[in-house]
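Student: My questions all concern the structure below.
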Ligand SMILES: [Zn+2]
Ligand SMILES: [Zn+2]
Ligand SMILES: [Zn+2]
């Protein structure tokens, strides 16, 4: 996430802020520009250089809720309709003068909501606001990656949509399952309750469970459908996916049963660590993809934040240079997965250590294996492919053949070269070595530091 500032007074402000603590101006997010902007009631105030002493004294109702954005002064803006519930601070374009206000003006993020909970129940409102906060960060990531995300209006069968639902009061009634079904993502409101979510996390033996993590995982299922399945069975996307993640035609229910039966109490064994970003990823190729997708979004966004703060890590030890990093590139447009991982691991060493100094759990309580990094590399290429049409996704393009047994007995599909575009240069490394020596050194340090994790 970027770091924003109030364009009225220069005060640093966060993505979720709705007002500047320093000068009192209203703040709103312009999704198209990716900017949190200070606002002034449209056509009421003098120019920004000479604001009145008390901006709150100006009644926004006098302008019919229309605002002028300091970041885009030529336009006129309204808040998304969910702002009335304090659940959204994104802006939508206001109607031209003389037009009727649009009562259904949802922002680019809220236009995907299909069902929100009954807001007359106070707990629902509190939980839904937390859910919206995470969902807006999800959409920030989707927009920064420039990925397609049709609404249900645009694609009634497979558009991206959300149901946010509480469990029914009757304890015998079926529970709401958080999950994904063909573009429709359901989130159980209980996940917004910190105490209850933590209880579930412990019961599931997970090192990390957050609302934002849920969103990034579930949208990973959506992008598997959108970018892999829809590309077709003979596509490079599909053959590349199956080569790395396994054959998704494996029975999902059986795979789930097998995963939990293997451990008895549901706790993950140790073997997953060599091939997967998390224990849950080992359940089935679909879950592997969704988990890896979520980690990719975690990594690029965490690095964007680190970069926005000019964060630089140079540990004061003899190997400090080797495990140091600075984020002086746009993580959402990184050249390669190595560039991301070589910056991300040193940053997480440092921030995990900071967290331990405060008695907090690690920020990133995972160790990435070379195999998991290869899978992240596939997600990286898939996003670039979706955005730019390049590079190609065949295993020759930087995805060496599987070094570990895949979860499938299916033969690996042959790569189909695409003739009309020049392939990007091959990674400068032999096929049997999935990561650079620099990354390998960082992985070794990460494994050492994770030996005694605080959880
Ligand atoms: Zn300000
Ligand atoms: Zn909204
Ligand atoms: Zn899943």
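Numbering (the working numbering), first residue to last: 577 to 1031.
The beta carbon of each residue, even a glycine, is placed where N, CA and C say it ideally should be.
Are at least three pairs of beta-carbons, each pair with one atom in the segment 908-917 and one in the segment 884-893, less than 8 Å apart?
Tutor: No contact exists between the segment 908-917 and the segment 884-893.
Student: Just to confirm my understanding: we take residue 618, look at its own chain, exclude 5 residues before and 5 after, and list those with CB closer than 7 Å. What are they?
Tutor: Taking the first residue of the chain shown as 1, we reach residue 618 at position 42. Closer than 7 Å at the Cβ level, and outside the excluded window around residue 618, lie 639, 642, 643, 644, 652.
Student: Under a criterion of Cβ closer than 5 Å to any non-hydrogen atom of ligand 2, which residues qualify, in chain order?
Tutor: Ordered along the chain, the selected set is 656, 658, 664, 666, 683, 686.
Student: Just checking residue 601 against ligand 1 - is the residue's beta carbon closer than 7 Å to any of the ligand's heavy atoms?
Tutor: The residue given as residue 601 occupies position 25 in the chain shown. Yes, the beta carbon of residue 601 sits closer than 7 Å to at least one heavy atom of ligand 1.
Student: So, for residue 814: in the same chain, excluding its five sequence neighbours on each side, which residues have a beta-carbon less than 8 Å away from its beta-carbon?
Tutor: For this step, residue 814 is matched to residue 238 along the chain shown. Once the five neighbours on either side are set aside, the close Cβ partners of residue 814 are 804, 805, 807, 808, 989.
Student: If you drop the 5 nearest sequence neighbours on each side, which residues of the same chain put their C-beta closer than 7 Å to that of residue 606?
Tutor: Within the chain shown, residue 606 is the residue found at index 30, counting from 1. Excluding positions up to five away in sequence, the list reads 613, 645, 647, 648, 667.
Student: Within the present structure, is the beta-carbon of residue 874 separated from the nearest heavy atom of ligand 3 by less than 7 Å?
Tutor: For the purposes of this step, residue 874 is identified with residue 298 of the chain shown, where counting begins at 1. False, no ligand heavy atom lies under 7 Å from that Cβ.
Student: Which term fits residue 696, buried or exposed, when burial requires 16 or more other beta carbons within 10 angstroms of its beta carbon?
Tutor: Here the question's residue 696 lines up with position 120 in the chain shown. Exposed is the call here.
Student: I want to know whether the segment 879-889 touches the segment 687-696 - three or more CB-CB distances under 8 Å.
Tutor: In short, these stretches do not touch, since the Cβ pair count stays below three.
Student: Select from 580, 933, 885 the residue whose C-alpha is nearest the C-alpha of residue 596.
Tutor: Counted from its first residue, the chain shown places residue 596 at position 20. The residue with the shortest Cα to Cα distance from residue 596 is 580.
Student: For ligand 3, is there a heavy atom less than 7 Å away from the beta-carbon of residue 1026?
Tutor: Numbered from its first residue, the chain shown carries residue 1026 at position 450. Not so, every heavy atom of ligand 3 lies at least 7 Å from the Cβ.
Student: By DSSP's criteria, residue 762 is part of a beta bridge. Which residues make up the other side?
Tutor: Your numbering for residue 762 matches position 186 in the chain shown. The partner list for residue 762 (beta bridge, DSSP) reads 739, 755.
Student: Taking 8 Å as the threshold (C-beta atoms), are residue 717 and residue 934 in contact?
Tutor: Within the chain shown, residue 934 is the residue found at index 358, counting from 1. Within the chain shown, residue 717 is the residue found at index 141, counting from 1. No. Outside cutoff.
Student: Looking at C-alpha atoms only, which residue of 909, 663, 1025, 755 is the closest neighbour of residue 964?
Tutor: By 1-based counting over the chain shown, the position of residue 964 is 388. It is 909.
Student: Give me the Cα-Cα distance between residue 779 and residue 585, rounded to the nearest whole angstrom.
Tutor: Here the question's residue 779 lines up with position 203 in the chain shown. Here the question's residue 585 lines up with position 9 in the chain shown. Between residue 779 and residue 585, the C-alpha separation is close to 47 Å.
Student: Bridge partners of residue 606, per DSSP?
Tutor: Residue mapping note: residue 606 aligns to position 30 of the chain shown, counting from 1. In DSSP, residue 606 forms a bridge with 611.
Student: Going by C-alpha distance, which of 938, 723, 773, 939 is nearest residue 869?
Tutor: Stepping through the chain shown from its first residue, residue 869 is reached at position 293. Selected option, being the one with the closest Cα: 723.
Student: Please determine, among 776, 729, 748, 602, the residue with the shortest C-alpha to C-alpha distance to residue 1047.
Tutor: Since the displayed the chain opens at 577 and closes at 1031, residue 1047 lies outside it and no answer follows.
Student: Using the C-alpha atoms, what's the distance from residue 836 back to residue 829?
Tutor: Along the chain shown, one-based indexing puts residue 829 at 253. Along the chain shown, one-based indexing puts residue 836 at 260. Cα to Cα, the separation comes out at about 11 Å.
Student: Using the C-alpha atoms, what's the distance from residue 732 back to residue 781?
Tutor: Start at 1 with the first residue of the chain shown, and residue 781 comes out as number 205. Start at 1 with the first residue of the chain shown, and residue 732 comes out as number 156. Residue 781 and residue 732: Cα-Cα distance of roughly 37 Å.
Student: Could you check what DSSP says for residue 1023 in three-state terms: helix, strand or coil?
Tutor: By 1-based counting over the chain shown, the position of residue 1023 is 447. Three-state result, residue 1023: helix.
Student: Measure the C-alpha to C-alpha separation of residue 1026 and residue 907 and round it to an integer number of angstroms.
Tutor: By 1-based counting over the chain shown, the position of residue 1026 is 450. By 1-based counting over the chain shown, the position of residue 907 is 331. Near 25 Å, if we compare the C-alpha coordinates of residue 907 and residue 1026.
Student: Evaluate contact between the segment 791-799 and the segment 852-872, counting only Cβ atoms and requiring at least three cross-stretch pairs below 8 Å.
Tutor: Cβ pair count under 8 Å is three or more, so yes.
Student: Closer than 6 Å is what we want: which residues have a beta carbon that near any heavy atom of ligand 3? List them in chain order.
Tutor: Residues with a Cβ closer than 6 Å to any heavy atom of ligand 3, in chain order: 793, 797, 863, 866.
Student: Give me the Cα-Cα distance between residue 956 and residue 775, rounded to the nearest whole angstrom.
Tutor: Against the chain shown, residue 956 aligns to sequence position 380. Against the chain shown, residue 775 aligns to sequence position 199. Rounded to whole angstroms, residue 956 to residue 775 spans 33 Å at the Cα level.
Student: What are the start and end residues of the alpha helix (DSSP H) that includes residue 703?
Tutor: Position 127 of the chain shown, counted from the first residue, corresponds to residue 703. Start and end: 698-720.
Student: Determine whether the beta carbon atoms of residue 560 and residue 681 lie at a separation below 8 Å.
Tutor: In the structure as shown, the chain begins at 577 and stops at 1031. Residue 560 is therefore absent and cannot be evaluated.
Student: If you check the beta carbons only, do residue 852 and residue 948 fall under 8 Å apart?
Tutor: Start at 1 with the first residue of the chain shown, and residue 852 comes out as number 276. Start at 1 with the first residue of the chain shown, and residue 948 comes out as number 372. Cβ atoms of residue 852 and residue 948: closer than 8 Å.
Student: Grab the span of the alpha helix (DSSP H) containing residue 787 for me, first residue to last.
Tutor: For the purposes of this step, residue 787 is taken as the residue at position 211 of the chain shown. Unbroken alpha helix (DSSP H) run through residue 787: 787-799.
Student: Along the chain, where does the alpha helix (DSSP H) that runs through residue 852 open and close?
Tutor: In the chain shown, the residue the question calls residue 852 occupies position 276. Segment: none, residue 852 is in no alpha helix (DSSP H) and carries neither H nor E.
Student: Can you give me the C-alpha to C-alpha distance between residue 983 and residue 834, rounded to a whole angstrom?
Tutor: Numbered from 1 along the chain shown, position 407 holds the residue referred to as residue 983. Numbered from 1 along the chain shown, position 258 holds the residue referred to as residue 834. For residue 983, the predicted model reports a pLDDT of 31, less than 50, meaning its position is unreliable; a value from the coordinates is still stated below. Residue 983 and residue 834: Cα-Cα distance of roughly 13 Å.
Student: In whole angstroms, give me the CA-to-CA distance for residue 946 and residue 850.
Tutor: One-based indexing of the chain shown puts residue 946 at position 370. One-based indexing of the chain shown puts residue 850 at position 274. Going by the C-alpha atoms only, they are around 8 Å apart.
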